[in-house]
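For reference, the structure is listed below as structure tokens.
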Amino acid sequence: AGLSNATAAKDGKRPASDYLSQPLVSEIYTADPSAHVWNGTLYIYPSHDIDGPTPEDDLGGHFEMRDYHVLSMTEPNGKVTVHPVALDVKQVPWAEKQMWAPDAAYKNGTYYLYFPAKDKAGAFRIGVATSKSPVGPFKADPEPIKGSFSIDPAVFTDDDGKSYMYFGGIWGGQLQRNVTGSYDPNGSKTDLKADDKPALTAKVARLDDGMKQFAEKPRDVMILDEKGKPLLGGDHDRRFFEASFMHKYKGKYYFSYSTGDTHFLNYAIGDNPYGPFTYKGHFLLPVEGWTTHHSIIEWKGRWWLFYADSQLSGQTRLRNVKMTELFYNPDGTIKLINPFVK
Ligand code: FUB
Numbered sequence: 014a015g016l017s018n019a020t021a022a023k024d025g026k027r028p029a030s031d032y033l034s035q036p037l038v039s040e041i042y043t044a045d046p047s048a049h050v051w052n053g054t055l056y057i058y059p060s061h062d063i064d065g066p067t068p069e070d071d072l073g074g075h076f077e078m079r080d081y082h083v084l085s086m087t088e089p090n091g092k093v094t095v096h097p098v099a100l101d102v103k104q105v106p107w108a109e110k111q112m113w114a115p116d117a118a119y120k121n122g123t124y125y126l127y128f129p130a131k132d133k134a135g136a137f138r139i140g141v142a143t144s145k146s147p148v149g150p151f152k153a154d155p156e157p158i159k160g161s162f163s164i165d166p167a168v169f170t171d172d173d174g175k176s177y178m179y180f181g182g183i184w185g186g187q188l189q190r191n192v193t194g195s196y197d198p199n200g201s202k203t204d205l206k207a208d209d210k211p212a213l214t215a216k217v218a219r220l221d222d223g224m225k226q227f228a229e230k231p232r233d234v235m236i237l238d239e240k241g242k243p244l245l246g247g248d249h250d251r252r253f254f255e256a257s258f259m260h261k262y263k264g265k266y267y268f269s270y271s272t273g274d275t276h277f278l279n280y281a282i283g284d285n286p287y288g289p290f291t292y293k294g295h296f297l298l299p300v301e302g303w304t305t306h307h308s309i310i311e312w313k314g315r316w317w318l319f320y321a322d323s324q325l326s327g328q329t330r331l332r333n334v335k336m337t338e339l340f341y342n343p344d345g346t347i348k349l350i351n352p353f354v355k
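The sequence shown: position 275 = 288 (mature numbering (1 follows the signal peptide of the UniProt record, and there is no 0)), numbered continuously.
Quick look at the structure:
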């Protein structure tokens, strides 16, 4: 998250009819929606935005979230329930602040909440918390996942029951400060300043059977262009920035992500959960506000995109989640979505 080249939210005064879809809830501000269907009900695991004192900067210091609330609904675009606090930063022994984009998973009667937060040294780590209910309350493990770093965990469970965590983000997400294998507080604030070299990219690691640790060292999620070459650091319209998500459609693996400072949601297709993935294009044009972060799931026989913008507040730090239907072309590519109708 950051500010440069921002298509910043302005005054929030556009008429509601300009937007493709409307905020799902207005009681609280929410962003980064990760949707799951369990027992026919749709649950959304979003960030819970609050209006803190920190001025906006390129490192996302203004995203000062302290807790999570789960949302649920039983019909597409039906009534949305905002559940009580599912986990508060005060209940996470290792975490200090900035509870950013979470995700959730289910296995053998337990729900797992995965979340990034800054530890006391200012480094982002990824934590895990469990509950017997999809809406919490969740109990956090005392330590972050061993070997975890950066932000935006997204957990995908394949048809064979194996689960994988995709994660990472540059700039405020600190991926560029973790290239040596440990956190370097003096590393670059933004990227590697190597526009002609392969771009920094997301990481993927299989989770072990207990769902609370990596089963292997995280590897790079390779995103290749049409010639089979990795996307380059200077290719800001296409390269990975943050907001990893994985879904499967007709046997293919769709890795999707945000381009951050150019504000697109992009996707790439592969033949297995590790990739490599071939870049296919944008599927969501820039929304109102700086960040863009999403999930894609099938529910009741239709495909849905969950995303967020700043329609209610007009401010990047105070976002609201939305949903809209997503369509595929016969060749498996995704039809481009414009978040504005005017
Ligand atoms: O919501 C805080 C951060 O901004 C998320 O972790 C990023 O994906 C971006 O949405």
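Note that the Cβ used here is the ideal one computed from N, Cα and C, for glycine as well.
Exposure of residue i, with buried meaning 16 or more beta-carbon neighbours within 10 Å
i    : result
E255 : buried
K335 : buried
N18  : Unreliable placement is indicated for N18, whose pLDDT of 31 sits below 50; the coordinate value is still reported in the next sentence. Exposed: under 16 other Cβ atoms inside 10 Å.
T193 : exposed
T346 : exposed
P68  : exposed
S66  : For the sequence presented, residue 66 should be read as Pro rather than Ser. Exposed is the call here.
Y341 : exposed
T272 : buried
A14  : Its pLDDT being 39, under 50, A14 is placed unreliably in this model, and the value from its coordinates should be taken loosely. Burial call: buried.
T123 : exposed
P157 : buried
Closer than 7 Å: residue i CB and nearest the ligand FUB heavy atom
i         : result
F76       : yes
T304      : yes
E255      : yes
residue 6 : This structure gives no information on residue 6, because the portion of the chain shown stretches from 14 to 355.
D209      : no
S60       : yes
A174      : First, the residue type needs correcting, since residue 174 is Gly and not Ala in the sequence shown. No; taking the cut-off as 7 Å, the Cβ of G174 has no heavy atom of the ligand FUB nearer than that.
D322      : no
Option nearest residue i by Cα separation, candidates the options
i           : options                   : result
E77         : F353, D101, A118 and I158 : D101
F128        : K110, G122 and A134       : K110
I282        : G140, Y292, G273 and F258 : Y292
P286        : D204, M178 and K355       : M178
Y119        : A167, H82, K92 and K131   : A167
P231        : K175, G182, A215 and T143 : A215
P198        : K206, Q187, I309 and A207 : Q187
residue 380 : D80, G302, G314 and L33   : This structure does not reach residue 380, given that the chain is present from 14 up to 355, and the question cannot be answered.
Y270        : M259, G264 and G185       : M259
residue 356 : S161, H82, T54 and F353   : Since the first and last residues shown for the chain are 14 and 355, residue 356 lies out of range.
Which residues DSSP lists as bridging residue i, in chain order
i    : result
R138 : A130
P211 : L245
A117 : L126
T54  : W51
In chain order, what are the residue ranges of uninterrupted beta strand (DSSP E) at least 3 long that sit wholly in the stretch 151–203?
167–170 and 176–180
Where are the beta strand (DSSP E) runs, 3 residues long or more, that stay fully inside the stretch 255–313, in chain order?
255–262, 265–271, 278–283, 290–297 and 308–312
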